[in-house]
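A.B. asks:
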Amino acid sequence: IDSLVNFLCNDLTKACSTKPPPVPKDRTPGEPFVPKSSKEAEMEKILKSMEGMPGAPGMKMYSREDLMNMQNFGDEDADEEDDDNEAHFPSKLGNVLREKESTKSDWKQRIKRGILDSGEALRRHANRVSYRIRQWWRGKKAGLKKKNSKSSKPEL
1 IDSLVNFLCN DLTKACSTKP PPVPKDRTPG EPFVPKSSKE AEMEKILKSM
51 EGMPGAPGMK MYSREDLMNM QNFGDEDADE EDDDNEAHFP SKLGNVLREK
101 ESTKSDWKQR IKRGILDSGE ALRRHANRVS YRIRQWWRGK KAGLKKKNSK
151 SSKPEL
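Those letters in the sequence shown? Residues 1 to 156, by UniProt numbering.
This is how it looks when you write it as structure tokens:
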């Protein structure tokens, strides 16, 4: 399977062995890329899906901190008592989520997994087809034996 991945990546497509083409020199540089956190991307996706809903035009989403800082929202005195026990919980949660994201398999692993899965599926289908052909052939052979046994009997 590794040889198949290498064949597809290097020999067949030359995707892994060639460098990307250079950027034209007369191109004006755009604004620098700033990656969004997964939380921001998810919020934006939710807002876009809710955009066409009737009765909620111009809906805004607020983070927990924003809601707590708003007037008449949340009692900060009661909230400070809980902070002693869970002072580092959000940062720990963020670290755990980042670790999970970083352990996601890269595209080579996904290609390899896809090839392995399709190989398994192909093997299952081949076994099913060969089983059906075997059953059909056995039926044909049994039918031929019955015909031959009837014709070999002496007639009276």
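All C-beta atoms in this analysis are idealised placements derived from N, C-alpha and C, irrespective of residue type, glycine included.
The structure presented is a predicted model; accordingly, all values stated were derived computationally and were not measured.
1) For C16, which three-state DSSP category applies?
2) Rounded to the nearest angstrom, what separates I133 and R124 at their Cα positions?
3) From P24 to G30, what does the alpha carbon distance come to, in whole angstroms?
4) With C-beta atoms as the reference, is I111 less than 9 Å away from L8?
5) Between the Cα of R64 and those of K39, P35 and F33, spot the shortest distance and give me the residue it belongs to.
6) So, I1 versus L116, is the Cβ gap smaller than 9 Å?
7) Curious, which full-length beta strand (DSSP E) runs of at least 3 residues does the stretch 115 to 155 contain?
8) When DSSP labels each residue in this structure, what does G74 get in the three-state scheme?
C.D. replies: In this structure, then:
1) Position 16 of the sequence shown holds residue 16. The answer is coil: DSSP assigns C16 none of H, G, I, E or B.
2) On the sequence shown, residue 133 is found 133 positions in, with the first residue counted as 1. On the sequence shown, residue 124 is found 124 positions in, with the first residue counted as 1. If I take the Cα positions, the gap works out to 14 Å.
3) Start at 1 with the first residue of the sequence shown, and residue 24 comes out as number 24. Start at 1 with the first residue of the sequence shown, and residue 30 comes out as number 30. Taking the straight line joining both Cα atoms gives about 13 Å.
4) Walking along the sequence shown from the start, residue 111 turns up at place 111. Walking along the sequence shown from the start, residue 8 turns up at place 8. In this structure, L8 lies closer than 9 Å to I111 by Cβ.
5) Mapped onto the sequence shown, residue 64 falls at position 64. If we check each option's Cα against that of R64, K39 comes out closest.
6) Residue numbering aside, residue 1 sits at position 1 when the sequence shown is read from its first letter. Residue numbering aside, residue 116 sits at position 116 when the sequence shown is read from its first letter. Yes, they are a contact pair.
7) none
8) Taking the sequence shown and counting its residues from 1, the one referred to as residue 74 is at position 74. Reliability of the predicted coordinates at G74 is poor, the pLDDT of 49 falling under 50, and no value is obtained from them.
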